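In the working numbering, the protein residues as written are 22 to 178.
From the three backbone atoms N, C-alpha and C, an ideal C-beta is built for every residue, glycine too.
All of these numbers come straight from a predicted model, not from anything done at the bench.
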């Protein structure tokens, strides 16, 4: 029951992310909008204070590697465009497809792993996987943003 409920919550959260991301493309972006989400998410790491959620070194390594691998798809589909000297996220038809695919893969993994890994450790692993996916993605977005921002500043001078 726990696994099914968590999958439903994950699907709802995924759909919310898609809607928010699509709406965000209608407004210019800035450095704060790019770098703050990982900082807000980092508060979730407080779960590791409790032994219930603690991971073994191998579980940490697995979660980080899978998260960083998944981030490559998000990095690939996240680009910017300039409109009236302001930087916007570029619409990508692949982004919702990739996000849904990653969500399905994550849910299937969670379902199969739930029979062999303790629920607390599984929660800790999937938090770390998500964090390891978001941080490289946001760093790449920041670097792309700064590059475009420098190009804009060169043309203004």
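Assigned exposure category for residue i - 16 Cβ within 10 Å defines buried
i	result
residue 87	buried
residue 84	buried
residue 166	buried
residue 162	buried
residue 164	exposed
residue 55	buried
residue 37	exposed
residue 82	exposed
residue 151	buried
residue 91	buried
residue 74	buried
residue 76	buried
Reduced DSSP secondary structure (H/G/I, E/B, other) of residue i
i	result
residue 166	helix
residue 60	helix
residue 101	strand
residue 76	coil
residue 23	helix
residue 90	helix
residue 181	Since the first residue of the chain shown is 22 and the last is 178, residue 181 is not available in this structure.
Beta-carbon separation (whole angstroms), residue i vs residue j, contact threshold 8 angstroms
i	j	result
residue 95	residue 154	7 angstroms
residue 109	residue 176	With 8 angstroms as the limit, residue 109 and residue 176 do not qualify as a contact, their Cβ atoms being about 17 angstroms apart.
residue 35	residue 120	6 angstroms
residue 19	residue 23	One cannot answer for residue 19 here, as it falls past the ends of the chain, which runs 22 to 178.
residue 99	residue 31	Not confirmed; about 21 angstroms, so no contact.
residue 59	residue 125	About 23 angstroms; that fails the 8 angstroms criterion.
residue 173	residue 103	6 angstroms
residue 101	residue 39	Wrong, their Cβ atoms sit about 19 angstroms apart, outside the cutoff.
Residue i CB to nearest heavy atom of the ligand GDP below 7 angstroms
i	result
residue 111	Absence of the ligand GDP from the depicted structure is noted, as is the absence of any ligand whatsoever, leaving it without description.
Quiz item: What runs of the alpha helix (DSSP H), each 4 residues or longer, lie entirely inside the region 104–175?
Solution: 115–134
Self-check item: Meets three-Cβ-pair contact criterion under 8 angstroms: the region 132–139 and the region 93–113
Solution: no
Quiz prompt | Cβ contact (3+ pairs, closer than 8 angstroms) linking the region 40–52 and the region 135–150 | solution = no
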